[in-house]
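Using our numbering, you'd call the opening residue of the sequence shown number 2 and step up by one each time.
A virtual CB, placed ideally from N, CA and C, is assigned to each residue, including glycine.
First up is the structure itself, then whatever we jot down about it.
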Amino acid sequence: MSKDVKNVPALRFKGYSDAWEKRKLGELIDHKSGKAIEKYFDNDGALKVISIGSYGLDNRYVDQGIRAISNTITQSRIINKNELAMVLNDKTANGSIIGRTLLIQRDREYVANQRTEIIHPKDMLDSGFTYFALNGIFRNSVKKIVQGGTQIYVNFSAIALLPLKIPTLSEQKKIQDFFKILTHLIAATQDSIEALGQAKKALLQHLFDQSWRFKGYSDPWEKRELGEIFNVVTDYVANGSFKSLRQRVSTYSNPNFAYMIRLQDASNNWKGPWLYTDQQSYSFLAKTKLHPGDILMSNVGSVGKFFLVPDLDRPMTLAPNAVLLRSMTYSTYFLFQLLQTSSMTESINEKTTPGVQQKINKTDFKKIITNVPTLNESSMVGQMLFLLDNLIAATQSRLSSLESLKKSLLQDLFI
């Protein structure tokens, strides 16, 4: 086994400086291929299936009776604890799961289906390290040797020839312990996001059906038309005739004075690419100048989708095919959440005109009746939901940072 200074990763644990050894994967592992077992599937069975269709651990099972079939399906295809299963086929034809590898944590609970390889690391390899190594930049090498067209696949005989760089067993264990902690932290953060989402769902239901109230508030909510609640319900064409709009409004793909805000900008999480307009056009579109906190509604196509306008780095005005909603009275965040309740969705659907492109006009929208609390209570509800959404967004941002950190470390450690 040769050593090369070029095989020293950019990031090392303290006390480790030796170059990593470059070996072919096939020299480091034993392996066996999964077998077609679809005809033995039984939801009442005992062995879970690992297959390409599951993108992981399948919810299908193999019948109990298969355990008795010697050296055909089970005994030779059951995966033991600390072995790995690698996907060799991708039905999506984009190769996104080719080479994905799972580390089995429980003994003799899973069986490998066809186009799935069972990998048993030899003594010089730690199973946890192998899991992270094979799911790191090694997968890029796997994707370069795929075959097929409609359905992409790769032969394990070719994968076995690919190089894998490994440190000492001691350093392998250090690396796998670190990534195990980081992976658990990512999973815990994902669980937190899911729990916060469930909490918000429950909160929305109970706040808007008034089964939960803030202390000191007991009066029933009053019925109001949306036209009474929103002082502004307008759109792009309210600024003038089609002719005047064509003549006096210029748009640009390169940065200019103001953003022309489209629904696609909101759907793209306000990340662009942007459409711009100049200062003269912005002044002409005075009726639809946007402010942070305004609400936008899709009134054509995906009717009833709502977006809250953020604070961007330049002036904003509304582009065509959206409706601007603004209230000078009620809490904006309360109204934003109210518009997305199931009862509001039903009311909007009733007012929507069917066709090739569904549509709701401003007049019909303003006639929709809903229930609203006092201004003070609406502010309290809005503030609570605002804080909860900020917590969800912060947790999602933390998850993104952790995932980026893991990706970067995989790149720096697994040279």
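Could you tell me whether the Cβ atoms of residue 80 and residue 51 are closer together than 8 angstroms?
In this structure, residue 51 lies closer than 8 angstroms to residue 80 by Cβ.
Quick test of your reading: residue 360 and residue 324, contact by CB under 8 angstroms. State the CB separation rounded to the nearest angstrom.
So it is not a contact: roughly 11 angstroms between Cβ atoms.
Would residue 26 and residue 160 qualify as a contact pair, given that the criterion is a beta-carbon distance under 8 angstroms?
For residue 26 and residue 160, yes; Cβs fall inside 8 angstroms.
For the beta strand (DSSP E) holding residue 111, just list the boundary residues, first then last.
Note, residue 111: beta strand (DSSP E), 111-113.
Find the nearest neighbour of residue 224 within the set 400, 373, 21 and 408, judged by alpha-carbon distance.
Taking only the C-alpha atoms, the option nearest residue 224 is 373.
Can you tell me which of 125, 103 and 107 puts its alpha carbon nearest to the alpha carbon of residue 119?
When only C-alpha atoms are compared, the closest one is 103.
Provide the residue(s) that pair with residue 234 in DSSP beta bridges, ordered along the chain.
The partner list for residue 234 (beta bridge, DSSP) reads 326.
Does the structure place the stretch 125-143 close enough to the stretch 398-413 that three or more beta carbon pairs sit under 8 angstroms?
With the cut-off at 8 angstroms, the stretch 398-413 and the stretch 125-143 touch.
What did DSSP end up calling residue 417 once you bin it into helix, strand or coil?
Examination of residue 417 is not possible in this model, given that the chain is present from 2 through 416 alone.
Cβ atoms of residue 327 and residue 233: under 8 angstroms apart, would you say?
Yes; because the gap between Cβ atoms is below 8 angstroms, this pair is in contact.
Within 10 angstroms of its Cβ, does residue 275 collect 16 or more other Cβ (buried), or is it exposed?
Buried, by the Cβ-count rule.
In terms of DSSP beta bridges, what is residue 34 paired with?
Partner(s): 118.
Pull up the distance between the alpha-carbon of residue 376 and that of residue 383, whole angstroms please.
Computed Cα separation, rounded: 10 angstroms.
Following the continuous alpha helix (DSSP H) through residue 333, name the residue where it begins and the one where it ends.
It spans 333-339 - the alpha helix (DSSP H) in which residue 333 sits, taken as one unbroken run.
My output table needs one value for residue 183: the three-state DSSP class, helix, strand or coil.
Helix, per DSSP.
Return the bridge partner residues of residue 1 from the DSSP annotation.
Within the shown structure, residues of the chain are numbered from 2 to 416, placing residue 1 beyond reach of any answer.
Roughly how many angstroms separate the alpha carbons of residue 343 and residue 307, rounded to a whole number?
Each residue's alpha carbon lies about 13 angstroms from the other.
What do you get for residue 145, buried or exposed, if any count of 16 or more other CB atoms within 10 angstroms of its CB means buried?
Its Cβ having fewer than 16 others within 10 Å, residue 145 is exposed.
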